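Position 109, counted from 1, in the sequence shown is what the working numbering calls 114; the numbers after and before it change by one each time, with no gaps. Where a beta carbon is used, it is the ideal one built from N, C-alpha and C, also for glycine. Source: prediction; values computed, not measured. Just below is one structure, and these are the notes that go with it.
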Amino acid sequence: MWDFPRGTLCLREVATYVVSRALGWPRIPPTILRDGPYGPGALQLYIHADPEANYFTFREDRLTDLLPVALFDILANNADRKGGHLLLDRQGHVWAIDNALTFHPEPKLRTVIWDFAGALIPQEFLADLRQLQEHLTSKSTLHQTLTRLLVEEESTALQARLAALLESAMFPYPDPTRHQVPWPIV
6 MWDFPRGTLC LREVATYVVS RALGWPRIPP TILRDGPYGP GALQLYIHAD PEANYFTFRE
66 DRLTDLLPVA LFDILANNAD RKGGHLLLDR QGHVWAIDNA LTFHPEPKLR TVIWDFAGAL
126 IPQEFLADLR QLQEHLTSKS TLHQTLTRLL VEEESTALQA RLAALLESAM FPYPDPTRHQ
186 VPWPIV
């Protein structure tokens, strides 16, 4: 990807998993760094999912499950949330995969999930975000881990997006001056 530094996508995949674990949402498969024949890469748990199910097929029935994904994508500045990046497993859980285009310091949010634009962020999610903010501003294990995965500019931008979400306490609307739906969308 021309606008993401070479060799960082695997780090971003791991960072999304680490932040999701700290928040307790959304469901992102366990993801770790490993060395491979072509250098370092991300290794992610395979999710057995319905191959016919995606955001567009289960959206209306799963809005409650999609809210944390939408909020997380804003926080992580996900530049590529397509419908097919949301899986429905055999137990009916929604999983968010393909999270490499995240944490860019410049606004890059592109997602198919705009269902919550203008809605208030539920209090339980705001509480989780406040707790995350405390961890990111201290020398916590989370802070130290993200320091190894993201450059300072990306961490600073993450903290700014987090502060903005807490201040507004609502989901943003798409920016009409930018293309904010990825192509292709599935």
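Please report the Cβ distance between residue 118 and residue 34, rounded to the nearest whole angstrom; I am assuming they are in contact, meaning their Cβ atoms lie under 8 Å. Taking the sequence shown and counting its residues from 1, the one referred to as residue 118 is at position 113. Taking the sequence shown and counting its residues from 1, the one referred to as residue 34 is at position 29. About 18 Å separates the two Cβ atoms, so there is no contact after all.
DSSP-derived helix/strand/coil call for residue 54: Stepping through the sequence shown from its first residue, residue 54 is reached at position 49. Strand at residue 54.
Touch test, the region 161 to 168 against the region 103 to 112, Cβ-Cβ under 8 Å, three pairs minimum: yes
Distance, residue 126 Cα to residue 172 Cα: Translated into the one-based positions of the sequence shown, residue 172 becomes position 167. Translated into the one-based positions of the sequence shown, residue 126 becomes position 121. If you take the alpha carbons of residue 172 and residue 126, they lie about 11 Å apart.
Give me the Cβ distance between residue 131 and residue 140, rounded to the nearest whole Å; I'm assuming they're in contact under 8 Å. By one-based count along the sequence shown, residue 131 stands at place 126. By one-based count along the sequence shown, residue 140 stands at place 135. 15 Å between Cβ atoms; not a contact.
Go through the region 29 to 96 residue by residue and report every complete run of the beta strand (DSSP E) that reaches 3 residues or more, in order. 36 to 41, 44 to 49 and 91 to 93
Residue 175 - partner residues in DSSP beta bridges: In the sequence shown, counting from the first residue as 1, residue 175 sits at position 170. Answer is 125.
CA-to-CA distance, residue 166 to residue 96, given in whole angstroms: Your numbering for residue 96 matches position 91 in the sequence shown. Your numbering for residue 166 matches position 161 in the sequence shown. For residue 96 and residue 166, the distance between alpha carbons rounds to 33 Å.
The beta strand (DSSP E) that contains residue 100, what's its start and end? The residue you call residue 100 lines up with position 95 of the sequence shown. Segment 99 to 101, the beta strand (DSSP E) holding residue 100.
Spatial neighbours of residue 31 in its chain, beta-carbon cut-off 7 Å, leaving aside the 5 residues before and after: Taking the first residue of the sequence shown as position 1, residue 31 is located at position 26. Same-chain partners within the cutoff: 25, 73, 74, 77 and 101.
Using a Cβ distance threshold of 8 Å, determine whether the region 54 to 62 contacts the region 15 to 23, with at least three qualifying pairs required. no
The alpha helix (DSSP H) that contains residue 150, what's its start and end? Residue 150 sits at position 145 when you count from the first residue of the sequence shown. Residues 146 to 154.
Would you kindly work out how many angstroms separate the C-alpha atoms of residue 121 and residue 177, rounded to a whole number? Locating residue 121 in the sequence shown gives position 116, counting from the first residue. Locating residue 177 in the sequence shown gives position 172, counting from the first residue. Rounded to whole angstroms, residue 121 to residue 177 spans 8 Å at the Cα level.
Below 8 Å on the Cβ atoms is my guess for residue 29 versus residue 94; work out the distance and round it to an integer in Å. Stepping through the sequence shown from its first residue, residue 29 is reached at position 24. Stepping through the sequence shown from its first residue, residue 94 is reached at position 89. About 18 Å; that fails the 8 Å criterion.
Where residue 116 sits in the DSSP three-state scheme: Residue 116 sits at position 111 when you count from the first residue of the sequence shown. Note: residue 116 maps to strand in three-state DSSP.
In whole angstroms, give me the CA-to-CA distance for residue 64 and residue 71. Stepping through the sequence shown from its first residue, residue 64 is reached at position 59. Stepping through the sequence shown from its first residue, residue 71 is reached at position 66. Between residue 64 and residue 71, the C-alpha separation is close to 8 Å.
Out of 51, 12, 55 and 27, which one is the CA nearest neighbour of residue 40? Here residue 40 refers to the residue found at position 35 of the sequence shown. Residue 12 is the option with its Cα nearest to residue 40.
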